[in-house]
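Single-structure report; data block below.
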Amino acid sequence: DFKRKAEMRLNSFISKAGIMVMATHDDELAKSVCNKFIRLEHGEIVSKGGF
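Residue numbers for the sequence shown follow the numbering used here, so the first one is 1135 and each next one is one higher.
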(Lines of atoms letter the chains of each structure in order from A and count residues from 1; the text may use other names and numbers.)
(Lines give C-alpha, C1' and ligand atoms only; values in the text may rest on other atoms or scores of the structure.)
Protein backbone atom coordinates (compact mmCIF):
# COMPACT_ATOMS: atom_id res chain seq x y z
CA ASP A 1 0.00 0.00 0.00
CA PHE A 2 1.43 3.35 -1.09
CA LYS A 3 0.61 5.26 2.10
CA ARG A 4 2.33 2.68 4.32
CA LYS A 5 5.45 2.63 2.11
CA ALA A 6 5.60 6.42 2.03
CA GLU A 7 5.29 6.59 5.82
CA MET A 8 8.10 4.05 6.24
CA ARG A 9 10.30 6.06 3.88
CA LEU A 10 9.56 9.29 5.79
CA ASN A 11 10.48 7.63 9.09
CA SER A 12 13.73 6.36 7.57
CA PHE A 13 14.58 9.82 6.25
CA ILE A 14 13.85 11.46 9.61
CA SER A 15 16.01 8.90 11.43
CA LYS A 16 18.95 9.64 9.13
CA ALA A 17 18.54 13.42 8.83
CA GLY A 18 17.37 14.16 12.36
CA ILE A 19 14.95 16.85 11.15
CA MET A 20 12.33 17.35 8.49
CA VAL A 21 9.82 20.06 7.68
CA MET A 22 6.58 18.72 6.24
CA ALA A 23 3.31 20.24 5.07
CA THR A 24 0.26 17.97 5.04
CA HIS A 25 -3.52 17.93 5.29
CA ASP A 26 -3.41 14.41 6.80
CA ASP A 27 -3.53 14.69 10.61
CA GLU A 28 -2.93 10.96 11.09
CA LEU A 29 0.21 11.06 8.95
CA ALA A 30 1.49 14.07 10.88
CA LYS A 31 0.86 12.31 14.20
CA SER A 32 2.71 9.21 13.04
CA VAL A 33 5.89 10.92 11.78
CA CYS A 34 6.11 14.27 13.61
CA ASN A 35 6.93 15.11 17.20
CA LYS A 36 6.11 18.84 16.93
CA PHE A 37 3.64 20.79 14.83
CA ILE A 38 2.43 24.25 13.85
CA ARG A 39 -1.16 24.44 12.56
CA LEU A 40 -1.94 27.24 10.11
CA GLU A 41 -5.31 28.55 8.99
CA HIS A 42 -5.30 31.14 6.22
CA GLY A 43 -1.57 31.69 6.80
CA GLU A 44 -1.91 32.42 10.52
CA ILE A 45 -0.62 30.19 13.34
CA VAL A 46 -3.65 28.91 15.26
CA SER A 47 -1.90 26.29 17.40
CA LYS A 48 1.46 24.65 17.98
CA GLY A 49 2.81 21.95 20.20
CA GLY A 50 3.87 18.32 20.27
CA PHE A 51 2.25 14.95 19.78
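Built from N, CA and C at the ideal position, the CB exists for glycine as well.
Small disclaimer: the values here were computed from a predicted structure and weren't measured.
Got a sec, what are the start and stop residues for the alpha helix (DSSP H) residue i sits in?
{"i": "ILE1148", "result": "1136 to 1151"}
Name the one or two DSSP bridge partners that residue i has.
{"i": "GLY1177", "result": "DSSP lists no partner for GLY1177."}
{"i": "PHE1171", "result": "GLY1183"}
Given residue i, which residues of its chain have a CB within under 7 Å of its CB, disregarding the five upstream and five downstream residues?
{"i": "ILE1172", "result": "ILE1179, LYS1182"}
Candidates the options: which alpha carbon is nearest residue i's?
{"i": "GLY1204", "options": "LEU1144, GLY1184, ALA1157, SER1166", "result": "The question about residue 1204 has no answer here: the residues shown for the chain are numbered 1135 through 1185."}
Keeping to the same chain, check which residues put their C-beta closer than 8 Å to that of residue i; ignore five residues upstream and five downstream.
{"i": "GLU1141", "result": "LEU1163, SER1166, VAL1167"}
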